[in-house]
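Remarks on the structure that follows.
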Amino acid sequence: MTLEGSLETAADGSRDAVMFVFTVTNAGEESIELDFTDACKAEFLVVDGGAEVWRFSEGRAFAQMLSSDRLDPGESTTYEAEWSDPESGEHTAIAKLRARERTCEATTTVAVPD
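The numbering used here numbers the first residue of the sequence shown as 16 and each following residue consecutively.
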């Protein structure tokens, strides 16, 4: 079982928000189930110089519910988040899959205009 992740970001140009799109792909040869214990399927972080600037789940409550996503070989799924009123500057964005017994992470740089 091999999961591969990629993370794309898009600032809207007016510094109002940054969108994150985390794509998780089954790069293996067998189907896999991604099992989740709540409605938050991926965590998104923004760090600057090692210090955490923003975390998607901070201050949020998520429904406690069991769910799963099935990925056949070569199939992908995406998870999205929005950072409202972001801090200006160049930051590192990190996305982490929150599935039980499965790991996948992706990192990219995000530049927020002044």
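Note that beta-carbon positions come from the ideal geometry of N, C-alpha and C, so glycine has one too.
The C-beta distance from Arg117 to Leu18 rounds to 6 Å, short enough to meet the 8 Å contact threshold. Annotated three-state conformation of Arg113 is coil, per DSSP. Residues of the same chain with a CB within less than 6 Å of the CB of Thr40, apart from the 5 flanking positions on each side, are Glu19 and Ser91 in chain order.
The residues Glu23, Thr93 and Glu95, in chain order, have a CB closer than 6 Å to that of Val36 in the same chain once the five nearest residues on each side in sequence are set aside. From the listed residues Glu105, Asp53, Glu48 and Glu120, the smallest Cα separation to Thr38 is found for Glu120. DSSP places Leu81 in the coil class of the three-state scheme, outside both helix and strand. Fully enclosed alpha helix (DSSP H) runs of no fewer than 4 residues are not present anywhere in the stretch 32 to 78.
A residue is called buried when at least 16 other Cβ atoms come within 10 angstroms of its Cβ; Phe71 meets this threshold and is buried.
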